[in-house]
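Read through the structure below, which is laid out as structure tokens, and then see the notes.
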Amino acid sequence: MDYSHYPRHDVLCIDMRSFYASVEMAHRGLDPKTALLAVVGDPSRNGSIVLAASPALKKKHGISNVSRYFELPNDPELVVAPARMGEYVRVSVEIAKMMKQIVPPEAIHIYSVDELWVTVDGMEKLYGSPYKIARMIQDRILEQFGVECAIGIGDNKFLAKVVMDIHAKKAEDGIAECRYEDVERLLWPVPIEHIWGIGSRMTRNFNRLGIVRLGQLAKYPLKYMKKHYGIIGEQLHWHAWGIDLSPVIGDFTKTEQKGFGHGVTLLRNYAKEEVPTVILDLCEEACRRARKAKQAGRTVHLSVGYAKETGGGFSRSTSVDLPTNITMDMYHLCLQLFYKHYDGYSMVRRISVTLTNLDEDIATQLTLFDDRPKNKDVGNVMDQIRDKYGSAAILRASSFTKAGITPERSKKIGGHYA
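Just so you know, numbering that gives the first Met the number 0 puts 395 at position 396 of the sequence shown, and the rest follows in order with no gaps.
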């Protein structure tokens, strides 16, 4: 492969190791190398998930981020920390602010609460080589926040991310570098299921073609990749060669909104008569976000997942001529979908709603007897009250019934307590 035609940058992918657990250990003054600490979503629920485990807990007892609360060992040194998502987001924001002291804001691309890319092109005269910059960032984050991090260095985002996942996390200094010329040596021997962007389903598909490692994916004919998997197959082919043309400098906070959705995995199985209450709460939040963005949608999606005893579910959509962001409009459309496609007997465990096919929320010609202006005014007033006093300041009466979800969800961030 001739890489002379492809751009070369100095991109760092920074991953905060066991981020939630690290924040909790720093808060308690615990040694991050020896402390046994687990961050649990909701310790009052025996089946609650372990969101993060300290390195010592992972090593000593094999606890991982897919373990459950009841699987934690009966160890007198174990510390169980209830999740505090608000604090983790706050620390993440502070880390991003610190990064702005090193590079311009447009060189920072936040990927998640505990991971980000930083482009350090042209920083050698200020800080030294990309490796020295990575060491400096590690030291600053550890000193200021008590959090250790692994850093991958590459010519683009893909190389920086993958070498961080595969090699930096295992390196003694937590840093690894992969340039175009290193792809064959460092990445081709890696099983494809360990490569960022290749999930379990794609892994199975590739395995059927005899593709087990990244090098085999690179050498598989591009025309067949495009034939079997379209644009995704073409992208993965180029990734296998280490090529990624996604921008490394820019305003990564501005993205085109495709839809406004809200979903929930319920804490128990819901019967048919309880589902409309949940749908109304979800439609309220989705439409609130649409109104805030001054958008309205013509297409409504409803997805329902049944309890594991029966399995299955459905995902359906319907469209209307006039775009809307009125809660009751979306709610009634979702109810139509639910009663049309629900099997009539299964208990429900997951529900999500989405408003798509967006357009600007502009005034529309209405009939004399249309209640839409009144309904829009009601929604806008409720939004203003919530913006000023909090998301649970004003709710519909149904939200306070046993089936309602909004009062409890208002206490959480990302599905976990703030």
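Quick reminder that beta carbons are idealized off the backbone N, C-alpha and C, glycines included.
Residues near residue i in its chain [Cβ-Cβ closer than 7 Å; skip 5 each side]
i	result
PRO190	VAL211, ARG212
THR33	ALA55
GLY40	SER47, ILE48, LEU50, ALA82, HIS415
TRP195	LYS160, VAL161, ASP164
THR366	Confidence is the limiting factor: at THR366 the pLDDT is only 45, short of 50, which leaves the residue's position unreliable, though a coordinate-based value still follows. So no residue of the chain qualifies.
ARG463	This structure does not reach residue 463, given that the chain is present from 0 up to 417, and the question cannot be answered.
ILE94	ILE140, PHE144
Status (buried if at least 16 other CB within 10 Å, exposed otherwise) for residue i
i	result
ARG44	exposed
TYR19	buried
PRO129	buried
VAL90	buried
TRP116	buried
TRP240	buried
GLN137	buried
TYR87	buried
PHE337	buried
VAL92	exposed
GLU142	exposed
ASP328	buried
THR428	The question about residue 428 has no answer here: the residues shown for the chain are numbered 0 through 417.
PHE69	exposed
GLU176	buried
GLU180	exposed
Sheet register partners of residue i (DSSP bridge)
i	result
GLY153	VAL10, CYS177
GLU114	ASP14, SER111
THR202	The partner list for THR202 (beta bridge, DSSP) is empty, contrary to what the question assumes.
ALA80	VAL38
SER302	SER314, SER351
CYS148	MET15
GLY258	THR355
GLY296	THR323, LEU357
VAL189	Paired residue(s): none; VAL189 is not in a bridge.
VAL263	ILE350
VAL49	VAL39
ARG67	ILE48
TYR269	VAL347
Sequence-distant residues of its chain with Cβ nearer than 6 Å to residue i (five each side left out)
i	result
ALA306	ASN268, MET346, ARG348
ARG178	ASP154
ASP9	VAL119, ASP120, PRO129
THR309	SER345
ASP113	MET15, PHE18
GLN364	Unreliable placement is indicated for GLN364, whose pLDDT of 46 sits below 50; no coordinate value is reported for it.
THR264	ARG349
ASP243	ASN155, LYS156, PHE157
VAL247	HIS8, VAL10, THR118
ILE13	LEU115, CYS148, ILE150
PHE251	HIS108
Nearest-angstrom beta carbon gap, residue j and residue i [assumed within contact, 8 Å]
i	j	result
ILE152	ALA133	6 Å
PHE259	ALA285	5 Å
GLU283	THR326	5 Å
MET122	VAL102	7 Å
LEU36	ALA80	6 Å
GLY296	LEU334	About 17 Å; that fails the 8 Å criterion.
HIS261	LEU281	4 Å
PRO188	GLY214	7 Å
LEU354	ALA289	6 Å
PRO31	SER66	In fact, because the Cβ distance is near 19 Å, the residues do not count as touching under 8 Å.
PHE144	ALA217	Not confirmed; about 38 Å, so no contact.
GLY209	GLU105	The Cβ separation is near 43 Å, so there is no contact.
Of the listed residues the options, nearest to residue i (C-alpha basis)
i	options	result
THR323	ARG287, PHE313, GLY311	ARG287
GLU192	GLN100, MET24, THR202	THR202
TYR2	ASP386, TRP237, THR252, LYS131	TRP237
MET0	HIS60, GLU183, ARG27, GLU23	GLU183
VAL274	ILE384, MET98, VAL303, HIS4	VAL303
ASP342	HIS4, GLY209, GLY311	GLY311
8 Å CB neighbourhood of residue i in its chain, flanking five on each side removed
i	result
GLU233	LEU221, MET224, LYS225
GLN100	none
ASP382	ARG287, ARG290, LYS291
LEU77	LEU35, LEU36, ALA37, LEU56, LEU71
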